[in-house]
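Colleague: Residue numbers (this note's numbering): 48 to 546.
Okay, handing you the structure first.
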RNA sequence: GGCGCUAUCGUCUAGCCCGGUUUAGGACGCGUCCCUCUCACGGACGAAACAUGGGUUCAAAUCCCGUUAGCGCCA
């Protein structure tokens, strides 16, 4: 069967992702989902989610929920899926078992598939035999031509049977939208098992049946599925189904260039949500991992990516997941997203992830102000707890030497702090803001020769008194945020430290 | 082991299909400088790559073949 004409299929394509709920929703799945989504949206098609949960021993409901929630969080809405029935449901493989049985029977009846009674031990022995003879290890075809009577006899004896597909001994070529032509020698594969029994179809079989019944036009999936493709095509042809168009995406790799997995650290999306990454940043980052627009633009909201998206511009080689770049994207989105949206995300984040501290000020507005203050410094929301703990906690602690500006001593710094304290005390609570502080301090500095060309002599200890840190926002910003009372309290404590 | 996929700065990549316009472009990260009380932001500059061998050609990152390496799948 020839490949369909690629150009004809670009109208209203139907694409799907088929995640198996056997683990958390991770970056690989998310990226595949994203590319399917982009392709569907760009070409006015449908994006379908189908859950592959026939592996009952490993599938879990909470993982299915995690997948669906993850997609929603990223803003990748599907047109048909387990919780959004369309015309092609059900969308959970565990609810489609009788469908697979029907097609399995069909293949058996037509003699395109057959029962195989070989035990694992026999199979192993056969394989070793072939290797010993210098042959390619594949199924011998021993049960290929059993008579009806032999089969019935075997079943009567209670023997276990799997279902194998008769593999043609020809070569098979298919066109991949990203890689071009790929050729396999089917003779090397041998008769594959397509089901463990009439009620237990294997992956390659159920995928083919579902893709056909769900009218899938384009199969866009990870590169690790390339070796499955010829097997699936043979099953399609046995069943008389048309061939969808294939596109195999490059892998997302860990720092050691192997498939990105748990051993590389956090790969689950929920982990990044917990850290306070923005979904917009993750989507943008993921889109650029393996795809590139015509120009050199990098910061692109989802809508713009959809407009620009083209499978032809997808990279062939794998891409290492680089957290630095993700951080940069997140940082950018922290700057460009509307303030209200950032606040909204931040609030949601705080609801779930606020540490159990003795807070200086638990007012939500106070938290927002801290976010405003630190937004250029953080990679993601949870950095706030690390960078701004001194603004959140009641008690701060730091070594008194930190107060000393270069070339100064306890006495001179104590004097600086007293000057600062006097000045701040002279300002009314309501006027204690950055602008006022700035101008008042400028006047003080200009009028005192010891500060004039050495502003750090007063500004450094003031800032340390308020933050207790080597690095922090400026003292005026901090004073405004902390308020007069707390500011005075912290300066007084610093003066005491120096006595 | 068999089969398959891939190969441009440390990383993500542009350029490759349609060979000359390339002193190989951008971004992250890194370094230096400016701004500056510190950090961050912002600005300027910089270091940094066509895996390798051969072929085709007047000309190859770009086309062809081999090698090597990495990865994936199956066993």
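Think of the CB as a built atom: it goes at the ideal place given N, C-alpha and C, for glycine as much as any other residue.
Check each candidate in 488, 476 and 503 and name the one with the smallest Cα separation from residue 454.
Modeller: Here residue 454 refers to the residue found at position 407 when the first chain is read from its first residue. Answer by Cα proximity: 503.
Colleague: My understanding is that residue 223 touches residue 293, with C-beta atoms under 8 angstroms, so please give their C-beta distance in whole angstroms.
Modeller: Here residue 223 is taken as the residue at index 176 of the first chain, counted from 1. Here residue 293 is taken as the residue at index 246 of the first chain, counted from 1. Yes, they are in contact, since the Cβ atoms of residue 223 and residue 293 sit about 5 angstroms apart, within 8 angstroms.
Colleague: Identify every residue that forms a DSSP beta bridge with residue 544.
Modeller: On the first chain, position 497 is the one that residue 544 refers to. Answer by DSSP bridge pairing: none, since residue 544 is not bridged.
Colleague: Between 523, 310, 530 and 435, which has its C-alpha nearest residue 515's C-alpha?
Modeller: Counting from one through the first chain, the residue named residue 515 turns up at place 468. Of 523, 310, 530 and 435, the residue nearest in Cα terms is 435.
Colleague: Note down the Cα distance separating residue 431 from residue 444, rounded to an integer number of angstroms.
Modeller: On the first chain, position 384 is the one that residue 431 refers to. On the first chain, position 397 is the one that residue 444 refers to. Looking at the two C-alpha atoms, the distance is approximately 18 angstroms.
Colleague: Looking at residue 423 and residue 73, is the spacing between their C-beta atoms short of 8 angstroms?
Modeller: Taking the first residue of the first chain as 1, we reach residue 73 at position 26. Taking the first residue of the first chain as 1, we reach residue 423 at position 376. No, they are not a contact pair.
Colleague: Classify residue 55: buried if its beta carbon has 16 or more other beta carbons within 10 angstroms, exposed otherwise.
Modeller: Position 8 of the first chain, counted from the start, is the residue given in the question as residue 55. In this predicted model, residue 55 has a pLDDT of only 44, less than 50, meaning its place in the structure is not dependable enough to derive any value.
Colleague: Bridge partners for residue 338 per DSSP, in chain order?
Modeller: If you number the first chain from 1, residue 338 lands on position 291. Note: residue 338 sits in a beta bridge opposite 361.
Colleague: Excluding the 5 residues preceding and the 5 following residue 77 in the sequence, name in chain order all residues of the same chain whose CB lies nearer than 7 angstroms to its CB.
Modeller: Position 30 of the first chain, counted from the start, is the residue given in the question as residue 77. Same-chain partners within the cutoff: 117, 121, 316 and 333.
Colleague: Skipping 5 residues on each side, what residues in its chain have a beta carbon closer than 7 angstroms to that of residue 428?
Modeller: Residue numbering aside, residue 428 sits at position 381 when the first chain is read from its first letter. 323, 393 and 396.
Colleague: Alpha carbon to alpha carbon, how far is residue 139 from residue 131?
Modeller: The sequence position of residue 139 within the first chain is 92, counting from 1. The sequence position of residue 131 within the first chain is 84, counting from 1. So the alpha carbons of these two residues sit roughly 11 angstroms apart.
Colleague: Report the rounded CA-to-CA distance for residue 524 versus residue 127, giving the unit in angstroms.
Modeller: For the purposes of this step, residue 524 is taken as the residue at position 477 of the first chain. For the purposes of this step, residue 127 is taken as the residue at position 80 of the first chain. Straight-line Cα distance between these residues: approximately 51 angstroms.
Colleague: Considering only residues of the same chain and omitting the five flanking positions on each side of residue 133, which have a CB-CB separation below 6 angstroms?
Modeller: The count along the first chain starts at 1 and reaches residue 133 at position 86. Excluding positions up to five away in sequence, the list reads 127.
Colleague: Based on Cα-Cα distance, which residue from 109, 347, 178 and 491 lies nearest to residue 464?
Modeller: The residue given as residue 464 occupies position 417 in the first chain. Measuring from the Cα of residue 464, the nearest candidate turns out to be 491.
Colleague: So, with DSSP's three-state summary, where would you put residue 146?
Modeller: Position 99 of the first chain, counted from the first residue, corresponds to residue 146. DSSP places residue 146 in helix when its eight states are reduced to three.
Colleague: Quick one: any contact between the region 137-153 and the region 337-352, if contact means 3 or more CB pairs under 8 angstroms?
Modeller: As far as the Cβ criterion goes, the region 137-153 does not touch the region 337-352, which means the pair count is below three.
Colleague: Between which residues of its own chain and residue 29 is the CB-CB distance below 8 angstroms, once the five residues before and five after are set aside?
Modeller: Since the first and last residues shown for the chain are 48 and 546, residue 29 lies out of range.
Colleague: How long is the line joining the alpha carbons of residue 539 and residue 449, rounded to whole angstroms?
Modeller: Start at 1 with the first residue of the first chain, and residue 539 comes out as number 492. Start at 1 with the first residue of the first chain, and residue 449 comes out as number 402. So the two alpha carbons sit approximately 16 angstroms from each other.
Colleague: Quick one: what's got a C-beta closer than 8 angstroms to residue 478's C-beta in the same chain, skipping five residues either side?
Modeller: Counting from 1 along the first chain, the entry for residue 478 is found at position 431. Excluding positions up to five away in sequence, the list is empty.
Colleague: Looking only at its own chain, which residues have a Cβ that is under 6 angstroms from the Cβ of residue 215, when we skip the five neighbours before and after it?
Modeller: Residue mapping note: residue 215 aligns to position 168 of the first chain, counting from 1. Closer than 6 angstroms at Cβ, skipping near neighbours: 233.
Colleague: Using beta-carbon positions only, say whether residue 302 and residue 311 come within less than 8 angstroms of one another.
Modeller: To locate residue 302, count along the first chain from 1; it is residue 255. To locate residue 311, count along the first chain from 1; it is residue 264. Contact: yes.
Colleague: Might you give, ordered along the chain, the residues of its own chain that have their beta carbon closer than 6 angstroms to the beta carbon of residue 201, omitting 5 neighbours on each side?
Modeller: Start at 1 with the first residue of the first chain, and residue 201 comes out as number 154. The answer, listed in chain order, is 164.
Colleague: For the region 215-302, list the beta strand (DSSP E) runs that are entirely contained and at least 3 residues long, ordered along the chain.
Modeller: Taking only runs of at least 3 residues, the beta strand (DSSP E) segments lying wholly in the region 215-302 are 218-223, 227-232, 240-244, 265-269 and 292-296.
Colleague: So residue 413 is in the beta strand (DSSP E); what residue range does that whole segment cover?
Modeller: By one-based count along the first chain, residue 413 stands at place 366. Element bounds for residue 413: not the beta strand (DSSP E) but the alpha helix (DSSP H), 411-421.
Colleague: By Cβ distance below 8 angstroms, which residues in the same chain neighbour residue 399 in space, the five residues on each side in sequence not counted?
Modeller: Residue 399 sits at position 352 when you count from the first residue of the first chain. Correct list, in chain order: 321.
Colleague: Could you check whether residue 340 and residue 355 sit closer than 8 angstroms to each other, using their CB atoms as the reference points?
Modeller: On the first chain, residue 355 is found 308 positions in, with the first residue counted as 1. On the first chain, residue 340 is found 293 positions in, with the first residue counted as 1. Yes, the Cβ-Cβ distance between residue 355 and residue 340 is below 8 angstroms.
Colleague: Where does residue 94 fall in DSSP's three states?
Modeller: Within the first chain, numbered from 1, the residue matching residue 94 stands at position 47. DSSP places residue 94 in strand when its eight states are reduced to three.
Colleague: Go ahead and label residue 405 buried or exposed: buried means 16 or more other beta carbons lie within 10 angstroms of its beta carbon, across all protein chains shown.
Modeller: Reading the first chain from its first residue, position 358 is the one you call residue 405. Burial call: exposed.
Colleague: Between the alpha carbons of residue 555 and residue 268, how many angstroms are there, rounded?
Modeller: This structure cannot settle anything about residue 555, because the visible part of the chain is limited to 48 through 546.
Colleague: Counting only the same chain and skipping the five closest in sequence on each side, list residues whose C-beta sits under 8 angstroms from that of residue 440.
Modeller: Locating residue 440 in the first chain gives position 393, where the first residue counts as 1. Same-chain partners within the cutoff: 404, 405, 406 and 407.
Colleague: Whose C-alpha, out of 447, 489, 457 and 500, is nearest the C-alpha of residue 537?
Modeller: Mapped onto the first chain, residue 537 falls at position 490. Comparing Cα-Cα distances from residue 537 to each of 447, 489, 457 and 500, the minimum goes to 447.
Colleague: For a test of the three-state rule: what should DSSP assign to residue 443, helix, strand or coil?
Modeller: Position 396 of the first chain, counted from the start, is the residue given in the question as residue 443. If DSSP states are grouped into helix, strand and coil, residue 443 belongs with coil.
Colleague: Where does residue 453 sit, in a helix, a strand or coil, going by DSSP?
Modeller: Counting from one through the first chain, the residue named residue 453 turns up at place 406. Three-state DSSP puts residue 453 in coil, outside helix and strand.
Colleague: Just to confirm my understanding: we take residue 95, look at its own chain, exclude 5 residues before and 5 after, and list those with CB closer than 8 angstroms. What are they?
Modeller: For the purposes of this step, residue 95 is taken as residue 48 along the first chain, with counting starting at 1. For residue 95, where only same-chain residues beyond five positions count, the Cβ hits under 8 angstroms are 61, 62, 63, 64, 125, 126, 127, 128, 133, 135, 138, 261 and 263.
Colleague: Do residue 100 and residue 112 have their beta-carbon atoms positioned less than 8 angstroms apart in this structure?
Modeller: Taking the first chain and counting its residues from 1, one reaches residue 112 at position 65. Taking the first chain and counting its residues from 1, one reaches residue 100 at position 53. Cβ atoms of residue 112 and residue 100: not closer than 8 angstroms.
Colleague: Could you please give the first and the last residue of the uninterrupted alpha helix (DSSP H) stretch that includes residue 63?
Modeller: The sequence position of residue 63 within the first chain is 16, counting from 1. First-last for residue 63: 61-64, but that is the beta strand (DSSP E), not the alpha helix (DSSP H).
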